[in-house]
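Data first, discussion second: the structure below is written as structure tokens.
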Amino acid sequence: SFLPPLQSFIARGPPEAFLAGVWAEVGRPYPDLVYGVFAKVIHMPGLGSEKDCAAAARLAAAVYENARAPAADSWLPQYLRELWRRMPSAETTTLRRSILCAVAAMLWYSSEAFLRCTEEQQCTQQFFQVWLQGIDVVRRLRDRRLVVLGLVRLFELGCAQAGAPGLPASLGAGLPLLVRQLA
């Protein structure tokens, strides 16, 4: 698969090189090209292709692990929409784990932008229900760390100062469940 080298390019190079880079032959920005590859691969059908789909989800995670808000905000709704569409049909633990970790990376990147996207797509409560039900597949230390960092961003948002945007009502009611899940 050619996705791990793309992931390495994003993770090991300076984020600005990826975010501002343009492929001269086609005149398209690198982030647009990477999203196009991601969107094509994440929906490949069949059990045999789920390993490649998981690599696509890890590619999305790499974008949001390495960018600093608001640099990748414009792609967040698209990535989130595709991951949310793919989650119900994920058959393997590997793909489910990769999707959950990509979502955690998006939360860590910017919980405000992430929640704005889920609110616009009217799936905030359903999304977190699915996320918490599937979180037990996240076993590796690196993946768990990413999930915890994403949840910490949610708690930070929940503890925001007066006048600052906080948690949506649909998520605020589930915060005690979220804390119990972490315990």
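With our numbering applied, the sequence shown corresponds to residues 32 to 214, in that order.
No residue lacks a Cβ here, since even glycine has one placed at the ideal position from N, Cα and C.
All of these numbers come straight from a predicted model, not from anything done at the bench.
In the DSSP assignment, Pro101 is bridged to no other residue. DSSP places Val161 in the helix class (H, G or I) of the three-state scheme. Between the stretch 124-131 and the stretch 95-103 there are fewer than three inter-stretch CB-CB distances shorter than 8 Å, so the stretches are not counted as touching. Assigned with DSSP and collapsed to three states, Pro199 falls in coil, not helix or strand. Between Tyr61 and Gly67 the beta-carbon gap is near 11 Å, outside 8 Å, which marks them as no contact. Under the three-state reduction of DSSP, Val169 is assigned to coil, being neither helix nor strand. Per the coordinates, the alpha-carbon of Ile130 lies some 22 Å from the alpha-carbon of Leu50. Taking the Cα positions, Ile166 is about 21 Å away from Cys148. Rounded to the nearest whole angstrom, the C-alpha separation of Phe145 and Ala85 is 21 Å.
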